[in-house]
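Position 29 of the sequence shown, counted from 1, bears residue number 29 in the working numbering, the numbering being contiguous throughout. Positions of the beta carbon are idealized from the N, C-alpha and C atoms, including for glycine. Everything on this sheet refers to the single structure shown next.
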Amino acid sequence: MKAIITAAGLGTRFAPVTRVVPKEMLPIGSRPALELLVEEARSAGVDGITIVISPEKELIRAYFADEKDIGFVYQNEQLGLGHAVLQAHIDDDVLVMLGDAIVTGCSAAAEMADVRRRTGAAAVVGLERVPRERVSRYGIARCGAIDERARTVEILDLVEKPPVEEAPSDLAVAGRYILPKGIFDLLAVQKPGRKGEIQLTDSIASMAREGGVLGYVYPGRRLDIGNPDGYYEALTAMRSGR
Ligand code: UTP
């Protein structure tokens with residue numbers, strides 16, 4: 001399995017600083033957030049990491065220039081997360097990590113890799129329980145069988161940013177995915193969805209409707225550093241170790 005970290009987005013929610021510093025490179029203590037993701041990917045035992053960047057984000061490439069297990073691909077047009085993943089097109093199973101989502105409290109990627117080994121699931125999607133009033137901000141899972149002890153649920157479908165009254169659960173997609181290589185064939189023909197973007201969630205949803213997609217409610221906390229409020233929250237959480 002290889003890792004893909006997406007870091008080519010525009011970062012408009014964190015402008016104007018993102019005109020000069022990619023949000024994925026904002027410091028958490030003395031290290032850029034992206035370095036924490038690279039460590040998490042390595043702890044999952046991946047065989048190489050591809051970071052998806054844009055031509056405006058050469059700073060990322062420069063920072064990781066000496067790391068032998070890291071390569072780069074470009075997304076020249078910001079056509080969505082699914083499109084970013086497609087630019088990396090690897091002939092292998094992949095761990096996909098959102099470059100602006102750090103996880104504290106556990107190594108989500110490593111635990112998800114364990115779940116996949118143990119269950120033989122085709123795909124394992126990291127999930128987080130969110131307050132009902134916030135479901136409209138996330139991709140939400142429609143769930144089948146639940147195994148509380150193993151923290152796993154069968155995912156039957158995914159709905160992108162549903163209104164509260166239509167949300168099938170309070171389990172949100174949380175920035176980490178282990179996907180079989182077949183995901184690239186789905187992404188290649190994926191029609192633009194919400195916001196006219198190629199959505200990764202839509203391709204995983206079609207996979208889930210065929211079966212074999214497991215959700216794992218990882219025991220840590222997902223911190224979204226893609227906006228100033230989330231970033232402050234992340235700094236506080238990382239400092240206090242929560
Ligand atoms: P976001 O949707 O949070 O990133 O994507 P964004 O588009 O940069 O955000 P705003 O709305 O402009 O503030 C989550 C992750 O996926 C990457 C982003 O860099 C981020 O790390 N991404 C998103 C891409 O690589 N390409 C895209 O086209 C979209």
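Check                                                                                                                                                            : Outcome
Identify the continuous alpha helix (DSSP H) that holds D185 and give its terminal residues.                                                                     : I183 to A188
Following the continuous beta strand (DSSP E) through G226, name the residue where it begins and the one where it ends.                                          : Unbroken run through G226: none, as it is neither H nor E.
Name the residue from P180, L37, A122 and G175 whose alpha carbon lies nearest to the alpha carbon of D91.                                                       : P180
Looking at the secondary structure, which residues open and close the beta strand (DSSP E) in which T12 lies?                                                    : Segment: none, T12 is in no beta strand (DSSP E) and carries neither H nor E.
Taking G82 as part of the alpha helix (DSSP H), name the residues at either end of that continuous run.                                                          : L81 to A88
Taking the C-alpha atoms as reference points, what is the distance between V16 and Y231?                                                                         : A small fix is needed here, since residue 16 is Pro in this sequence, not Val. Cα to Cα, P16 sits roughly 15 Å from Y231.
Does any CB atom of chain B fall closer than 8 Å to the CB of P32?                                                                                               : Within the model displayed, chain B is absent; a lone protein chain is all it includes.
Could you give the distance in angstroms between the alpha-carbon of V52 and the alpha-carbon of A150?                                                           : 32 Å
What do you reckon, are the CB atoms on G126 and A7 nearer than 8 Å?                                                                                             : no
Let me know if L95 comes out buried or exposed under the rule of 16 or more other beta-carbons within 10 Å of its beta-carbon.                                   : buried
So, for V153: in the same chain, excluding its five sequence neighbours on each side, which residues have a beta-carbon less than 6 Å away from its beta-carbon? : C143, I146 and G215
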